[in-house]
Structure formats: C-alpha cells, structure tokens
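To start, the structure itself, in structure tokens.
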Amino acid sequence: MKHRIRAAGLVVQEDEILLVAHKCPETGRTIWIPPGGGIEREDESIFACAAREIFEETGLTASLSRIAYLREFYDSESDVRSCEFFCVVDRFSGTLTLEHLPPTSPDSDWITELRWFKRIELDQVTVYPEELRDRFWQDLAAGFPMVHYLGLQSR
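Residues 1 to 155 in the numbering used here are what the sequence shown spells out, letter by letter.
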C-alpha cells in the first residue's frame, strides 16, 4: 500500500465554494472536490502544498493560515491511503483558469472544469468530502474554530 499526504484549499467567495471537477476518462464519472493535491517535496509545508495546488488547478494565488479538516482516505482501486488536510483560504486573487495545470500531470486528463457552488447546489452533484454539503457551512459561519477529524473514508 502506498501512503500519500495531500493538502486542499477551501476557497470561499460570499456564499459559494470553489470546486474542481475530476472526470474519470474511463467511466465518465465526475466528482467535485476542493482544489488540492499531494506534497511533492520533503520540505514543502501543508500550506505551501495547498497554495501551489490551488494555483495549478484554478489559476488563483491564495493565502492560507489554518487547517479546518483532517481526513484519512483509502482508495481501494489504487491501494493508496491518503492523509488529507483541508485548509482555510483567507485571501485569494487572480482569474479562474485551467491553463496552469502541468501538462505532464495526471490531473491534466482528469480535471475538466472549475465552478463556484452555493450550498443548495451541492445536493445535485457528487462532492467530496461529503461534509461540504452541511457541516462545512456551519463551520464557516462559526469561523472554523477548531480542526475537525473527518475519520477514515474509502471508495
């Protein structure tokens, strides 16, 4: 089994969250997740990883300062267990674009769209982590007072 550390950014604008569409080339199944990815260097921090991934996947430059959620995720198809950190984006700037995805990255075949979602719209799509449907909005209103462990989830 391979282990992976992953960081993602919770990018919020007014009453919407920014999510990235990952569409499986083989099945056509689309899931929506916060922009993020794996740590690439031993000396890369969780916040630096999340900021880099946000830029690569959305074109936005982000400032992050704290962790909102920690989740373990096991992907049985690839036999990879990830420890995922979901970080609060304090500020961001730039224009949404997919043009910064590295062409050699596997993400360039999977990431197909960027979109701002209102809370009610999340019921119409497959979104991960599922806590983005409800708990996230409560934590957002409370200012993310603590790090919540979301448990071990798998597919």
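Every residue, glycine too, gets a C-beta built ideally from N, C-alpha and C.
Beta-carbon proximity of residue i to residue j, cut-off 9 Å
| i | j | result |
| --- | --- | --- |
| Leu-98 | Glu-57 | yes |
| Val-11 | Ala-62 | yes |
| Arg-6 | Thr-126 | no |
With 16 other Cβ atoms within 10 Å as the buried cut-off, status of residue i
| i | result |
| --- | --- |
| Gly-37 | buried |
| Arg-222 | Past the edges of the chain, shown from 1 to 155, lies residue 222, and the structure says nothing about it. |
| Tyr-69 | buried |
| Arg-155 | exposed |
| Glu-26 | exposed |
| Glu-53 | buried |
| Val-147 | exposed |
| Pro-34 | buried |
| Glu-131 | buried |
Proximity winner among the options, relative to residue i (alpha-carbon distances)
| i | options | result |
| --- | --- | --- |
| Leu-152 | Pro-145, Pro-129, Gln-138 | Pro-129 |
| Asp-123 | Asp-134, Arg-115, Leu-114 | Asp-134 |
| Lys-23 | Asp-107, Phe-144, Gly-94 | Asp-107 |
| Phe-55 | His-148, Val-147, Ala-8 | Ala-8 |
| Phe-86 | Thr-104, Phe-92, Leu-64 | Leu-64 |
| Phe-144 | Arg-66, Val-80, His-100 | Arg-66 |
| Phe-158 | Leu-18, Arg-4, Lys-2 | Since the first residue of the chain shown is 1 and the last is 155, residue 158 is not available in this structure. |
Which residues DSSP lists as bridging residue i, in chain order
| i | result |
| --- | --- |
| Phe-73 | Ser-82, Gln-153 |
| Arg-91 | Ser-63 |
| Ile-31 | His-22 |
Cutoff 8 Å; reference residue i; Cβ partners in own chain excluding five residues on either side
| i | result |
| --- | --- |
| Trp-137 | Arg-119 |
Beta-carbon proximity list for residue i, same chain, < 6 Å, skipping 5 on both sides
| i | result |
| --- | --- |
| Ser-93 | Thr-61 |
Close-in-space but distant-in-sequence residues of the same chain around residue i (CB under 7 Å, 5 per side omitted)
| i | result |
| --- | --- |
| Tyr-74 | Arg-81, Leu-152, Ser-154 |
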